[in-house]
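A.B. asks: Sharing a structure here in structure tokens format.
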Amino acid sequence: MSALTLYNYELDENSYRVRLLLSMLGIEHEIYSVNMLPGREEKSPALLALNPCGTLPFIKQDDAVIFGAEAILAHLARNHDAAGKWLPIDGPDFSATMMWLGFCAGPLQAAIKAREVAVFAVGGHLERLKADARAAFRIMDDHMTLRQIEGHEWFAADYPTIADLALIPSFALSRDFNIDHEEFPALRLWLRRFRRLPGFITMPGIPDYH
Amino acid sequence: MTMTSQPTWSPVALSNVIDPSTSTGALVDGAELVVWRDSSGKAHVWEDRCPHRGMRMSFGFVRGDHLACLYHGWQYDTAGQCRHIPAHPQLEVPQTIRMQTFAAAERNGIIWAGATADADPTLLPAEIAGLVPVRSLYADCTAAKALKGLAATPLPISADAPTVEAITENYISLTAGPIRLLVAIQALGKEKIALHLMANEGAPVAALARYAQALRLTLETAPAEAA
Ligand code: FES
Chain A
1 MSALTLYNYE LDENSYRVRL LLSMLGIEHE IYSVNMLPGR EEKSPALLAL NPCGTLPFIK
61 QDDAVIFGAE AILAHLARNH DAAGKWLPID GPDFSATMMW LGFCAGPLQA AIKAREVAVF
121 AVGGHLERLK ADARAAFRIM DDHMTLRQIE GHEWFAADYP TIADLALIPS FALSRDFNID
181 HEEFPALRLW LRRFRRLPGF ITMPGIPDYH
Chain B
1001 MTMTSQPTWS PVALSNVIDP STSTGALVDG AELVVWRDSS GKAHVWEDRC PHRGMRMSFG
1061 FVRGDHLACL YHGWQYDTAG QCRHIPAHPQ LEVPQTIRMQ TFAAAERNGI IWAGATADAD
1121 PTLLPAEIAG LVPVRSLYAD CTAAKALKGL AATPLPISAD APTVEAITEN YISLTAGPIR
1181 LLVAIQALGK EKIALHLMAN EGAPVAALAR YAQALRLTLE TAPAEAA
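The structure is reproduced here in structure tokens:
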């Protein structure tokens, strides 16, 4: 079996999601740096032949390609986490993990788009996206407020899952599009907790404190 | 910066959401503050502005008993005096490089910021024993509207509006049956407030957190001119 290759762009938030899990699970991999800006290489014929969506990130191992951040996270957790915790496959932990993974692919997209508009100057209605991103963060903060009251530290289970990992980057990067952390005290505590997990890595926009 | 139109003490956060050696930003009537705890857990409130190039100190990090700026790493001690400039490690830092500081106090599970560095601690609300944290609620409305909403909304379990008692101008107590909810009101800016909620021990905290969530919807959707 050939090495797993991640096609990614350093400043792309979804690419960071995958790099983060690769690091936290200690998965050996190679990186292909795509010239997303300004080159739009992900839309080039060569890369479209691999990922017809023309999106980043995607991974390739032997002849198999998986695109879509959430799918890649699930794939990596299912195949590389012997303890089966990052993607719990049974009971309510599975359901809650899938629900919040869906939230990442749904309401939280506003935050991802808002950052793209603010940082990459791509087209989009920044104020509307910011309002939607704030609404998404509120849903998350309300959830974590109740989780904390009930004695839980993570979104979906009593241990971190790919739901936490998928949600973290948007909140950690929210200052890129001018949403501060002050209004979300439960998310601040959760982010601090997550940052202390083994294998955590940052990306530009997330301070390293060193 | 002056905050003369403000109460002497403004709530800025629930005590339990700021761990030792961490910092956060807070707004009081438009003024940007940084609230941080040193490694011993003592809370400090400063203007959220680094004397070097004006960057926000709330983006920074705590190193021992110093708050460090994220940008060029200047470090300030608990009195707000600059102690270390990484680009000039040998330099004896001039006394003039210091933070604008405000008084900070903890009372009834809440961190309060003084309007000045020497705000009178006897003006803090009286101590109430046996409180537990519920949550902070951030809402886009005026303090007046929040007060109205709080007075009109039944607390969990009971059906009637609560009994309201004003403790100070920005601190009220709501009572209904076995529940006592203490609400500290932070005016962030125009039509932006935070309510910091603590309850008596034994109160249904999760139900109160849900009550607050529902209250925010009321405060932000009801027409502003409704009496
Ligand atoms: S702006 Fe704070 S150290 Fe330069």
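Sequence lines, in order, name chains A and B.
The working numbering applies: residue 1 is where the first sequence begins, and numbers increase by one.
The working numbering applies: residue 1001 is where the second sequence begins, and numbers increase by one.
Positions of the beta carbon are idealized from the N, C-alpha and C atoms, including for glycine.
If you drop the 5 nearest sequence neighbours on each side, which residues of the same chain put their C-beta closer than 6 Å to that of residue 1138 (chain B)?
C.D. replies: By one-based count along the second sequence, residue 1138 (chain B) stands at place 138. Hits under 6 Å: 1194.
A.B. asks: Chain B partners of residue 150 (chain A), CB-CB under 7 Å?
C.D. replies: Taking the first residue of the first sequence as 1, we reach residue 150 (chain A) at position 150. In chain order: 1206.
A.B. asks: Taking just the CA atoms, how far does residue 198 (chain A) sit from residue 1188 (chain B)?
C.D. replies: Here residue 1188 (chain B) refers to the residue found at position 188 when the second sequence is read from its first residue. Here residue 198 (chain A) refers to the residue found at position 198 when the first sequence is read from its first residue. Taking the straight line from one Cα to the other gives about 37 Å.
A.B. asks: Would you say residue 1213 (chain B) lies against chain A (beta-carbon separation less than 8 Å)?
C.D. replies: Residue mapping note: residue 1213 (chain B) aligns to position 213 of the second sequence, counting from 1. Answer yes: the Cβ-Cβ gap between residue 1213 (chain B) and chain A drops below 8 Å somewhere.
A.B. asks: For residue 1218 (chain B), which residues from the same chain have a beta carbon less than 6 Å from its beta carbon, with the 5 sequence-adjacent residues on both sides left out?
C.D. replies: For this step, residue 1218 (chain B) is matched to residue 218 along the second sequence. Cβ neighbours of residue 1218 (chain B) beyond the five flanking positions: 1149.
A.B. asks: Let's test the definition: count the other Cβ atoms within 10 Å of the Cβ of residue 1099 (chain B) and tell me whether it reaches 16, buried, or not, exposed.
C.D. replies: Within the second sequence, the letter at position 99 stands for residue 1099 (chain B). Buried is the call here.
A.B. asks: What do you get for residue 188 (chain A), buried or exposed, if any count of 16 or more other CB atoms within 10 angstroms of its CB means buried?
C.D. replies: Within the first sequence, numbered from 1, the residue matching residue 188 (chain A) stands at position 188. Result: buried.
A.B. asks: With a threshold of 7 Å, establish whether the CB of residue 1083 (chain B) neighbours any heavy atom of the ligand FES.
C.D. replies: Position 83 of the second sequence, counted from the first residue, corresponds to residue 1083 (chain B). Flag unset: Cβ of residue 1083 (chain B) not near the ligand FES.
A.B. asks: Grouping DSSP H, G and I as helix and E and B as strand, with all else coil, what is residue 174 (chain A)?
C.D. replies: Within the first sequence, the letter at position 174 stands for residue 174 (chain A). Helix, per DSSP.
A.B. asks: For residue 1227 (chain B), count neighbouring Cβ atoms within 10 angstroms of its own Cβ and tell me buried if that reaches 16, exposed if not.
C.D. replies: If you number the second sequence from 1, residue 1227 (chain B) lands on position 227. Unreliable placement is indicated for residue 1227 (chain B), whose pLDDT of 48 sits below 50; no coordinate value is reported for it.
A.B. asks: At which residues does the alpha helix (DSSP H) containing residue 113 (chain A) begin and terminate?
C.D. replies: Locating residue 113 (chain A) in the first sequence gives position 113, counting from the first residue. Segment 109–120, the alpha helix (DSSP H) holding residue 113 (chain A).
A.B. asks: Which chain B residues sit within Cβ distance under 7 Å of residue 145 (chain A)?
C.D. replies: Position 145 of the first sequence, counting from 1, holds the residue named residue 145 (chain A). In chain order: 1135 and 1209.
A.B. asks: For residue 152 (chain A), which of helix, strand or coil comes out of DSSP?
C.D. replies: Residue mapping note: residue 152 (chain A) aligns to position 152 of the first sequence, counting from 1. In this structure, residue 152 (chain A) counts as coil in the three-state DSSP scheme.
A.B. asks: Identify the residues that DSSP records as bridge partners of residue 1025 (chain B): which are they?
C.D. replies: By 1-based counting over the second sequence, the position of residue 1025 (chain B) is 25. DSSP, once it has assigned bridges, lists B:1034 as partnering residue 1025 (chain B).
A.B. asks: Applying a beta-carbon distance threshold of less than 9 Å, which residues of chain A neighbour residue 1071 (chain B)?
C.D. replies: The residue given as residue 1071 (chain B) occupies position 71 in the second sequence. By Cβ distance, chain A contributes nothing, its closest Cβ being about 10 Å from residue 1071 (chain B), past 9 Å.
A.B. asks: Would you list the residues whose beta-carbon is nearer than 7 Å to any heavy atom of the ligand FES, in the order they occur in the chain?
C.D. replies: So the residues near the ligand FES by this Cβ test are B:1050, B:1052, B:1053, B:1054, B:1055, B:1069, B:1071, B:1072, B:1073 and B:1074.
A.B. asks: Do you know offhand how far residue 132 (chain A)'s Cα is from residue 1205 (chain B)'s?
C.D. replies: In the first sequence, the residue the question calls residue 132 (chain A) occupies position 132. In the second sequence, the residue the question calls residue 1205 (chain B) occupies position 205. Approximately 28 Å, taken between the alpha carbons.
A.B. asks: Which bits of chain A does residue 1017 (chain B) rub up against, with CB to CB less than 8 Å?
C.D. replies: Stepping through the second sequence from its first residue, residue 1017 (chain B) is reached at position 17. 185, 186, 188 and 189, listed in chain order.
A.B. asks: The alpha helix (DSSP H) spanning residue 1171 (chain B) covers which residue range?
C.D. replies: If you number the second sequence from 1, residue 1171 (chain B) lands on position 171. Note, residue 1171 (chain B): premise wrong, no alpha helix (DSSP H); beta strand (DSSP E) at 1171–1176.
A.B. asks: Give the residues from the segment 1075–1107 of chain B that approach chain A closer than 9 Å (Cβ to any Cβ), ordered along the chain.
C.D. replies: Against chain A - using a Cβ distance shorter than 9 Å - the segment 1075–1107 of chain B contributes no residues.
A.B. asks: Just the C-alpha distance for residue 1176 (chain B) and residue 54 (chain A), rounded to the nearest angstrom, thanks.
C.D. replies: Reading the second sequence from its first residue, position 176 is the one you call residue 1176 (chain B). Reading the first sequence from its first residue, position 54 is the one you call residue 54 (chain A). Looking at the two C-alpha atoms, the distance is approximately 58 Å.
A.B. asks: Alpha carbon to alpha carbon, how far is residue 1110 (chain B) from residue 1186 (chain B)? Give it in angstroms, no decimals.
C.D. replies: The count along the second sequence starts at 1 and reaches residue 1186 (chain B) at position 186. The count along the second sequence starts at 1 and reaches residue 1110 (chain B) at position 110. So the alpha carbons of these two residues sit roughly 11 Å apart.
A.B. asks: Under 7 Å between beta-carbons, which chain A residues line up against residue 1218 (chain B)? List them in chain order, please.
C.D. replies: Numbered from its first residue, the second sequence carries residue 1218 (chain B) at position 218. The contacting residues do not exist; residue 1218 (chain B) stays about 15 Å from chain A at best.
A.B. asks: Does the separation of the CB atoms of residue 1063 (chain B) and residue 1075 (chain B) fall below 8 Å?
C.D. replies: Walking along the second sequence from the start, residue 1063 (chain B) turns up at place 63. Walking along the second sequence from the start, residue 1075 (chain B) turns up at place 75. Contact flag set, yes.
A.B. asks: Rounded to whole angstroms, what's the CA-CA distance from residue 1173 (chain B) to residue 1157 (chain B)? Just pull it up for me.
C.D. replies: In the second sequence, counting from the first residue as 1, residue 1173 (chain B) sits at position 173. In the second sequence, counting from the first residue as 1, residue 1157 (chain B) sits at position 157. Approximately 17 Å, taken between the alpha carbons.
A.B. asks: Can you tell which of A:159, A:120, A:15 and A:190 has its C-alpha closest to the C-alpha of residue 72 (chain A)?
C.D. replies: To locate residue 72 (chain A), count along the first sequence from 1; it is residue 72. For residue 72 (chain A), the nearest C-alpha among the options comes from A:15.
A.B. asks: Please report the residue range of the alpha helix (DSSP H) in which residue 1044 (chain B) lies.
C.D. replies: On the second sequence, position 44 is the one that residue 1044 (chain B) refers to. No alpha helix (DSSP H) contains residue 1044 (chain B), which is instead part of the beta strand (DSSP E) from 1043–1047.
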